[in-house]
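Just so you know, the sequence shown maps onto residues 0 to 450 in numbering that gives the first Met the number 0.
Okay, structure first, notes after.
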Amino acid sequence: MLQIGLSSRMALPQIGLDGYNLAMPHGTGVATYGVTLAATLRSMGANVTGLFGLPVAGDPDLREVLFYDLVQRPPSAQKRRRRWHHGLREALRPLAGFSLAEVPSSGHVEKGAFASRLPQFDRLLSAGGLFEAAHAHFAAFGRFTTLRVANPPEVMHWTYPVPIRLAGARNIYTLHDLVPLRLPYTTLDDKKTYYSLVKRCAKQGDHIVTVSEASAADIVSRFGVPHDRITNTYQASPPPTSIGASAEDAAMVEGIFGLRPGGYFLFFGAIEPKKNIGRLIEAYLTLRSETPLVLVGARAWQSEEELRLLGGAGALSGGYGQRLGDRVVRLEYLPRQLLFRLIRCAKAVAFPSLYEGFGLPVHEAMLLGTPVLSSNVSSIPEVAGDGALLVDPYDTNAIAEGLKRLDEDAALRESLRAAGPRHAQRFSIDHYRARLQSLYERVVSQPSRAA
Numbered sequence: 000m001l002q003i004g005l006s007s008r009m010a011l012p013q014i015g016l017d018g019y020n021l022a023m024p025h026g027t028g029v030a031t032y033g034v035t036l037a038a039t040l041r042s043m044g045a046n047v048t049g050l051f052g053l054p055v056a057g058d059p060d061l062r063e064v065l066f067y068d069l070v071q072r073p074p075s076a077q078k079r080r081r082r083w084h085h086g087l088r089e090a091l092r093p094l095a096g097f098s099l100a101e102v103p104s105s106g107h108v109e110k111g112a113f114a115s116r117l118p119q120f121d122r123l124l125s126a127g128g129l130f131e132a133a134h135a136h137f138a139a140f141g142r143f144t145t146l147r148v149a150n151p152p153e154v155m156h157w158t159y160p161v162p163i164r165l166a167g168a169r170n171i172y173t174l175h176d177l178v179p180l181r182l183p184y185t186t187l188d189d190k191k192t193y194y195s196l197v198k199r200c201a202k203q204g205d206h207i208v209t210v211s212e213a214s215a216a217d218i219v220s221r222f223g224v225p226h227d228r229i230t231n232t233y234q235a236s237p238p239p240t241s242i243g244a245s246a247e248d249a250a251m252v253e254g255i256f257g258l259r260p261g262g263y264f265l266f267f268g269a270i271e272p273k274k275n276i277g278r279l280i281e282a283y284l285t286l287r288s289e290t291p292l293v294l295v296g297a298r299a300w301q302s303e304e305e306l307r308l309l310g311g312a313g314a315l316s317g318g319y320g321q322r323l324g325d326r327v328v329r330l331e332y333l334p335r336q337l338l339f340r341l342i343r344c345a346k347a348v349a350f351p352s353l354y355e356g357f358g359l360p361v362h363e364a365m366l367l368g369t370p371v372l373s374s375n376v377s378s379i380p381e382v383a384g385d386g387a388l389l390v391d392p393y394d395t396n397a398i399a400e401g402l403k404r405l406d407e408d409a410a411l412r413e414s415l416r417a418a419g420p421r422h423a424q425r426f427s428i429d430h431y432r433a434r435l436q437s438l439y440e441r442v443v444s445q446p447s448r449a450a
């Protein structure tokens, strides 16, 4: 296995990763984090166990079939959230213990369709309803669910704050950000439960991981986590196959979407309050630019409010009396490689988010050599450096002025195309490997905080 710059370091321990966000067919930013983390660990020679909450118990010969069927078609995130509060029966399930079923890797199931969104694991374990029941148990009793499994990994790395610990392992938790507490009006989380959950992760976890210095400062300030018990690994993206649009990219973007390469602004991400789509659309409409604005992302909570200037629930025929025609284009979820083609061919990516733990869209656009307009708040200045044009995300006029500059100033765009990939190398896979190596060495060298 490739171990660039790490040959003198200790071998990595066996590591477990949860499938809480991986078992979603359209993924999330946290799912991308999990996929990249697993792939990076395996490239470093680590033995990686995946722990999922899908119901595959029963005939061992069918477990692999059931697992991949359910990964493709799991319950929606919203349905999952509602089930956390199903009542006493769900909350009591953890008291009886969970039987984690081993999912074999026989080669009988064709897995090519999952290559870009589901990591390869050396071992797969799953228990139906695990995460829903654990959340219900925590909401009712304020206690974490303890799992037991034969030959547990040395480190269980939960990639999201979940109220679960694995007996016999060092349990570490990634807290990407504190958005539900910093911007409570932008998420649907039960804030009391979320606060208690994160506080307990910070107190009971063997270590806390986060993805930016901004998030680390928030966590230390809000929950008093000692600096030696928190590590910022940042995030990373696999190196792109190319930087800048190719002739093939251009042909596909024009042929599939009818968009002129280099002739549109692009936003990609969830359509939700935190992403600030409402102000972005308002700023764009004031420009009267002939450069279309393309929005790529699934509608989430309060998406209708964010898209109100397009005419209610995102209709593009007209908003507030305007005929938008081809000025604003809305696209739903796209496969990652097709999305990357759109990014490479964009005149600029516009991502004026109100708050980010890391800001992966900013990093990915810069990595691909596309000019970026983003925010001057939270983690984004760390991630963007001098590779993006940063504005106050609450100032619609500032967003509009930034879009205008990127629309009209070819020299500025060329400067950002050069600076973006250069700055993005701070978050390369090689640097990520080194940060992970240091993290796990630190975790296994410290005494366990087992409850």
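Where is the CB? At the ideal position from N, CA and C, for every residue including glycine.
A residue is called buried once 16 or more other Cβ atoms fall within 10 Å of its Cβ, and residue 184, having fewer, is exposed. Ranked by how close their Cα comes to the Cα of residue 379, the residues 220, 279, 336 and 213 have 213 in first place. CA-CA distance, residue 191 to residue 394, rounds to 31 Å. Sequence-distant partners of residue 291 (beyond 5 residues in either direction) whose C-beta falls short of 8 Å from its own C-beta, in its chain, are 258, 262, 263, 264, 325, 326, 327 and 328. If you draw a straight line from the Cα of residue 10 to the Cα of residue 357, it is about 28 Å long. The residue among 97, 27, 91 and 108 with its C-alpha nearest the C-alpha of residue 54 is 97. The residue from 91, 392 and 406 with its alpha-carbon nearest to that of residue 374 is 392. Secondary structure of residue 14 (DSSP, three-state): strand.
Residue 228 and residue 439 have their alpha carbons spaced roughly 12 Å apart.
When rounded, the separation of the alpha-carbon atoms in residue 194 and residue 382 is 27 Å. Every beta strand (DSSP E) of 3 residues or more that sits fully in the stretch 157 to 201 is shown, in chain order, as 163 to 165 and 169 to 173.
Counted as a single uninterrupted DSSP element, the stretch harbouring residue 153 is not any alpha helix (DSSP H), since DSSP gives it neither H nor E. Look at residue 206 here: in three-state DSSP terms it is strand. At the C-beta level, residue 208 and residue 255 stay beyond 8 Å of one another. Less than 8 Å separates the beta-carbon of residue 232 from that of residue 435. Distance from the CA atom of residue 13 to the CA atom of residue 152, rounded to whole angstroms, is 5 Å. Here residue 63 is buried. Its C-beta has 16 or more other C-beta atoms within 10 Å.
The stretch 216 to 299 contains, as complete beta strand (DSSP E) runs of 3+ residues, the segments 229 to 231, 264 to 267 and 292 to 295 (chain order). Counting only the Cα atoms, residue 331 lies some 13 Å from residue 341.
Within the same chain, 282, 285 and 286 come within 7 Å of residue 399 by CB-CB distance, once the 5 residues on both sides are set aside. Counting the other Cβ atoms within 10 Å of the Cβ of residue 410 gives fewer than 16, which makes it exposed.
Put simply, of 122, 72 and 442 the residue whose alpha carbon is nearest the alpha carbon of residue 17 is 122. The criterion of a C-beta distance shorter than 8 Å is not satisfied by residue 335 and residue 243. Nearest to residue 119 by C-alpha distance, out of 130, 41, 223 and 369, is 41.
In this structure, residue 65 lies away from residue 124, with their beta-carbon atoms at least 8 Å apart.
Residue 39 and residue 234 do not touch by the CB rule: their CB atoms are close to 10 Å apart, not below 8 Å.
Look at residue 367 here: in three-state DSSP terms it is coil, with no helix or strand label. Residue 109 counts as exposed, since fewer than 16 other C-beta atoms from the protein chains shown sit within 10 angstroms of its C-beta.
By the CB criterion at 8 Å, residue 143 and residue 169 fall outside the cutoff. Residue 267 sits close to residue 338, with the two beta carbons spaced by under 8 Å.
Between residue 273 and residue 353 the beta-carbon gap is near 5 Å, inside 8 Å, which marks them as a contact.
In terms of Cβ geometry, residue 401 and residue 368 do not form a close pair [threshold 8 Å]. Relative to the Cα of residue 140, the nearest Cα in the group 68, 211, 116 and 90 belongs to 90.
Excluding residues up to 5 positions away in sequence, 132, 133, 136 and 144 lie with their Cβ nearer than 7 Å to the Cβ of residue 93 in the same chain. Residue 359 and residue 167 have their C-alpha atoms roughly 33 Å apart.
The Cβ atoms of residue 236 and residue 363 sit closer than 8 Å to each other.
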